[in-house]
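Peer 1: Following this note's numbering, the numbering of the sequence shown begins with 1360 at its first residue and continues without gaps. Backbone N, C-alpha and C define an ideal beta-carbon position, used for all residues, glycine too.
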Amino acid sequence: MNGKKPNPAVQRALDILEVISDSDAGFTNAYLARRLEIPKSSASSILRVLQNRGYLCRGTNNGRYKLGFKTLTIGRKLLEHSAIRDLALPLMRDLVERADLTCHLAIFGQHEAVHLEKIVAQRYFKVDKTRSVGEHVPLHSSSVGKALLAWQDQL
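Okay, here's the thing in C-alpha cells:
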C-alpha cells in the first residue's frame, strides 16, 4: 500500500463477504461478529448496508445472510472485461475441438489458482464435474495449479 492505513469498515465489509462466500447455509449477524471478532453493532451496520445494496440477502426464516446477486453481477463484469479471457477463448475452443478434452483457463491468485474460463468437450458435457469459473484451487494439488507453477518463470 502507499503508506496509508486501511479503512477498518471497508476491511470488515470485505471480511464479511469473504466469510459468507464460503457457506451455502449463510451466517447470522451474531456468528459473523464472533468469527471476525468485531462488535455486533458494527457487523449489523455493515450487513445492513451490504443487504441494502444487493451484495447480501437475508433469509426471512432464519435471519442468515448469504451472498446477493450483486456479487454475481460484479464477477460477471470482471470476466466480460478480461483481456486474458478474450485472447484465450479462440485458442481454447481450437484446443477443445482438436483434442476433444475440456480446457481450463486459470491465473495466479494470491496463493492459489483462480479459474477464469472453462470449455467442456462435447463428450463430457453431461458428466462434467470439474471446477467452475471463479473457483479457487490450491496450486500444489490441481492440474491448472501445477501447470502455472511449472511455467511461472516464463509468465
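(1) Tell me whether Leu1454 sits in a helix, a strand or coil according to DSSP, three-state version.
(2) Measuring only the C-alpha atoms, how far is Lys1477 from Asp1453?
(3) Which residues in the same chain have their Cβ closer than 8 angstroms to the Cβ of Ile1405, if we skip the five residues on either side of it in sequence?
(4) Quick one: using the 10 Å Cβ neighbour count with 16 as the cut-off for buried, is Ser1501 buried or exposed?
(5) In or out: Met1392 buried (at least 16 other Cβ within 10 Å) or exposed?
(6) Please indicate yes or no: does the CB of Gln1370 lie closer than 7 angstroms to some heavy atom of the ligand COA?
(7) For the alpha helix (DSSP H) containing Arg1417, list its first residue and its last residue.
Peer 2: Quick answer:
(1) Position 95 of the sequence shown, counting from 1, holds the residue named residue 1454. Here Leu1454 sits in helix by DSSP.
(2) The residue given as residue 1477 occupies position 118 in the sequence shown. The residue given as residue 1453 occupies position 94 in the sequence shown. When rounded, the separation of the alpha-carbon atoms in Lys1477 and Asp1453 is 13 angstroms.
(3) Mapped onto the sequence shown, residue 1405 falls at position 46. So the qualifying residues of the chain are Ala1368, Arg1371, Ala1372, Ile1375.
(4) Residue numbering aside, residue 1501 sits at position 142 when the sequence shown is read from its first letter. Here Ser1501 is buried, its C-beta having at least 16 other C-beta atoms within 10 Å.
(5) As a position in the sequence shown, residue 1392 is number 33, starting the count at 1. For clarity, residue 1392 is Ala in the given sequence; the question names Met instead. Ala1392 comes out buried.
(6) Among the ligands in the structure shown, none appear at all, so the ligand COA cannot be discussed.
(7) Within the sequence shown, numbered from 1, the residue matching residue 1417 stands at position 58. Here Arg1417 belongs to no alpha helix (DSSP H); instead the beta strand (DSSP E) covers 1415 to 1417.
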